[in-house]
Structures are given as C-alpha cells and as structure tokens.
Amino acid sequence: MGLSGPVPARVPAEVKEAVLKTVNDAVTAGFTHTWACSLWQVSDERVHRWRARRRNIGTLVDRAPGGHPVHALLPDEVAAILDIAERWGAVDRSHRKLAHRGSYKQRVWVSPATFRRVLIAHGLTLPEPQPRSRSEKRPWPDWLVWTRNRIWIWDATHFTRARRVVFAIVDLVSRK
C-alpha cells in the first residue's frame, strides 16, 4: 500500500479497509484505539465513522459528490421551457425573449441563461434570422456636381431643458 504521513481527506475503500483491519488487530492485541489511530495519523472519530458506514450501508466507497440541489429545475419547468421554445421560437428567435415570454405568460420563471442551457441540453436551436441582402448604392443623380458649396446637409439637436435647438449645416464635400 505504501502510505506515509497522515491519511488524506479522500481515500479509496481499500485503504479504509486496511486502516480498520490494523486498528482492530491492534485493539485485539491489547493496544488502545486512540494509539492505533495515531499510528495511521487518522482521527479516532473518522475511524468510527468508517466503521459505522460499513455496518449501516455495507460499503466504504465514497458517494459521488453533488447530491440534489434544491435550486434544480423541476421536470414541469423543463417541459414548460421546451413548450415555449416550440410555440414561440420562430417568432422570438432569442432565448432572452423566450425567457421573458415564459414569465409574462405565467408559465415558467427562469433566467435567459437557464432557458438557453435547457435548449442546449435537449439539442434544440432557435431559427436564425434570414441574412439581409446587401442593397445597391444608388448613384448620384446626373444633375449633381461633386464640388464644394453644392451639397449641404443639416442636423438639429433639441435641448428641451434649455428650450433651445441647435442647427448644424455642413457642406458634404468639404465637411465644413
């Protein structure tokens, strides 16, 4: 086995069996339980926990981490998410919009990220919008002469609190 130093926090079931066997052998030989545990550099309580687990559960194999979080989605919530995606996916085309639609339809209250994770877990994708075709630039009319002081543009900015409007008039060719 080749252990040296204290027993680590996580050990396989075989190591636990070996520790329990040697501690039991030492106690049978007349040594104290605490002294036998100190040779392994494992706490007395830990050995008692292992012994109780073997007696009650029948195994020393550690359970998988995780458990069942209380904030996990319920099957009804997942079904509601999939239903909303099926009904409204072609209209909304966004997991963000669909998550909000689920709440104001009073079907499911989840974040957009959760909505997206459920769709990905079930292999669903939302339809992509059709790419917009590139519009052709219309040429300048024949009567237009591209020289200074011929083409003017303007813009107005409204400052409502000051009750003022500022106009800017710019020559398109020189930009002045």
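Mapped onto this note's numbering, the consecutive letters of the sequence shown carry residue numbers 702 to 877.
From the three backbone atoms N, C-alpha and C, an ideal C-beta is built for every residue, glycine too.
What residue from the options has the CA that sits closest to residue i's CA?
i    : options                   : result
A814 : S795, K877 and E718       : S795
I782 : R808, R864 and R835       : R808
L774 : T733, D793, I821 and W810 : W810
S739 : A753, T723, R754 and R752 : T723
D763 : R797, V712 and H823       : V712
D784 : R755, V819, N757 and H769 : V819
K877 : R817, R839, R849 and F860 : R849
F816 : A710, K798 and Y805       : K798
Helix, strand or coil: how does DSSP classify residue i here?
i    : result
A857 : strand
F732 : coil
M702 : With a pLDDT of 49 at M702, under the threshold of 50, the modelled position of this residue cannot be trusted; read the value that follows with caution. Reduced to three states, the DSSP call for M702 is coil.
V792 : helix
A719 : helix
A773 : coil
R865 : strand
Here's a check: name, in chain order, each residue in its chain whose Cβ is nearer than 6 Å to the Cβ of residue i, leaving out the five neighbours to either side.
i    : result
A857 : V866 and F868
Would you kindly check if the distance between the Cβ of residue j and the Cβ of residue i is under 8 Å?
i    : j    : result
T735 : D745 : yes
V874 : R851 : yes
L761 : G790 : no
A786 : L825 : yes
V748 : P707 : no
A737 : A727 : yes
A822 : S812 : no
W841 : W847 : yes
Determine the burial state of residue i: buried for a count of at least 16 other Cβ atoms within 10 Å of its Cβ, exposed for fewer.
i    : result
I720 : It should be noted that the sequence gives Val, not Ile, for residue 720. With 16 or more other Cβ atoms within 10 Å, it is buried.
W741 : buried
V771 : exposed
Among the residues of its own chain, which have a CB less than 8 Å from the CB of residue i, if the five just before and after it don't count?
i    : result
D777 : none
W751 : K717, V720, L721 and L761
With a threshold of 7 Å on Cβ separation, who are the neighbours of residue i within its own chain once the five nearest residues in sequence on each side are excluded?
i    : result
H859 : V866
Compare the C-beta of residue i with all C-beta atoms of chain D and state if any pair is closer than 8 Å.
i    : result
D856 : Going by chain labels, chain D is absent from the structure shown, which holds only one protein chain.
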